[in-house]
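A.B. asks: Quick note: the sequence shown uses my numbering, first residue 35, plus one each step.
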Amino acid sequence: MKLLIVALGVAFLIFLIVKVKLNTFISLIVTAFLVGLALNIPLDQLPEIITSGMGDQLGDLAIIFGMGSMIGKLVSDSGGGYRIANTLIDKFGKKQIQIAVIIASFIVGLALFFEVGLVVLLPIIFVIARELEIPLLVLSIPMAATLNIMHGFIPPHPAPTAISGIMDADIGQVILFGLIVAIPTIIVSGPIFNYFLHKFYPKVYRIQEKIPGLGEVKEFKLEETPSFWMSVSTAMMPVILIGIATVLGGMLPAGSTQQIIEFIGEPDVAMLLSLLFAMYTIPWGISKNVP
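(1) Under the assumption that residue 156 contacts residue 139 (Cβ atoms under 8 Å), give the Cβ distance between them as a whole number of angstroms.
(2) Could you tell me how far apart the beta carbons of residue 46 and residue 58 are, in whole angstroms, since I believe they sit closer than 8 Å?
(3) Measuring CB to CB, does residue 169 end up less than 7 Å from residue 239?
(4) For the alpha helix (DSSP H) containing residue 124, list its first residue and its last residue.
(5) Should the stretch 303-315 be called in touch with the stretch 99-119, which here means at least 3 C-beta pairs below 8 Å?
(6) Going by the beta-carbon positions, is the gap between residue 316 and residue 108 smaller than 7 Å?
(7) Which of the three DSSP states is assigned to residue 314 in this structure?
(8) Does residue 172 come out as helix, strand or coil in the three-state DSSP assignment?
(9) Round the Cβ separation of residue 185 and residue 227 to the nearest angstrom and send it over; I've been treating them as touching at under 8 Å.
(10) State the Cα-Cα distance for the pair residue 112 and residue 72, rounded to the nearest angstrom.
(11) Grab me the residues of residue 324's own chain with a C-beta within less than 7 Å of its C-beta, minus the 5 sequence neighbours each way, in chain order.
(12) Are there three or more Cβ pairs, one per stretch, closer than 8 Å when the stretch 215-235 is compared with the stretch 170-182?
(13) Could you name each continuous alpha helix (DSSP H) segment of 4 residues or more that falls completely within the stretch 195-243, going from the start of the chain to the end?
(14) Under 7 Å between the Cβ atoms of residue 162 and residue 123?
(15) Leaving out the 5 sequence neighbours to the left and right, which residues in its chain are closer than 6 Å to residue 135 when beta-carbon positions are compared?
(16) Would a C-beta distance cut-off of 7 Å place residue 206 and residue 280 closer than the cut-off?
(17) Measuring only between beta-carbons, confirm whether residue 166 sits less than 7 Å from chain C.
(18) Which whole-angstrom value describes the C-beta separation of residue 300 and residue 283, a residue pair presumed to lie in contact below a C-beta threshold of 8 Å?
Here is the structure:
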């Protein structure tokens, strides 16, 4: 019975968010109270249970989310995402343009939340589609699919990080298995889906001169942005540190060296080191390119 109540609560939460268009946080609070009442939790205990439960989870994740957002902001506002996308697109050319978009979205998606990555990449994708005279959907579908999958499968994004904490899972292994699942999922939901959609609904693939509602887009001069490798290393640094710690932690004998490596691989520590790295490399990369 309790499982049924929880399942109905999840369905009601989705209904509030999708159909009623109620704010996600408010929907979560409302649903939590209703589920608590349905489970016969005393009224005087219900507020404390909800706030303590949310506080415990947010307390574990606040540092990761906060520093992850800062890294994403640095990469985004410095033009690092712009540099990554442009460099890959120039290297791959028109025939392999979807692969270039997927790789660019993959790298950008490691550091930026889905919404931020979309804002960073969409204007670039639009310009490339216009210059190559191809429909915007050809590029936007693999871009959106890749960003969404990275956001859902790979720490330090909110959902996989939260689940890792709840399940007490090793975050390095979560990244590893997340990538194993993410790569084929990206291929299926990106290029393959694009192919069949174009085959059965060719009318939706039209060339657009402008994107309504895109709004003001921050423009960058490529020569004033950090270098490609600087941008890539900054975006990927949390995953690199956690990945190295996961591999070496299992190979090294027990001792101080192993403890140091595992300490560096802790999500909070890896995010802090990555943020310090970004705070140095991003301004240095910009100043180096600007005379």
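Built from N, CA and C at the ideal position, the CB exists for glycine as well. Bear in mind that the values here come from a model prediction, so they are computed numbers and not experimental data.
C.D. replies: In this structure, then:
(1) About 11 Å; that fails the 8 Å criterion.
(2) Not quite, the Cβ-Cβ distance comes to about 13 Å (not below 8 Å), so this is no contact.
(3) Yes, Cβ-Cβ distance for residue 169 and residue 239 is below 7 Å.
(4) 114-126
(5) Here the stretch 303-315 makes contact with the stretch 99-119; the two share three or more CB pairs at distances below 8 Å.
(6) Yes.
(7) helix
(8) helix
(9) Not a contact, Cβ separation roughly 18 Å.
(10) Residue 112 and residue 72 have their alpha carbons spaced roughly 50 Å apart.
(11) Bear in mind that the predicted position of residue 324 carries a pLDDT of just 48, short of 50, making it too unreliable to give a figure here.
(12) yes
(13) 205-221, 227-234, all fully within the stretch 195-243.
(14) yes
(15) 173, 176, 177
(16) yes
(17) Absent here is chain C; the protein component of the structure consists of one chain.
(18) That pair is no contact at about 11 Å.
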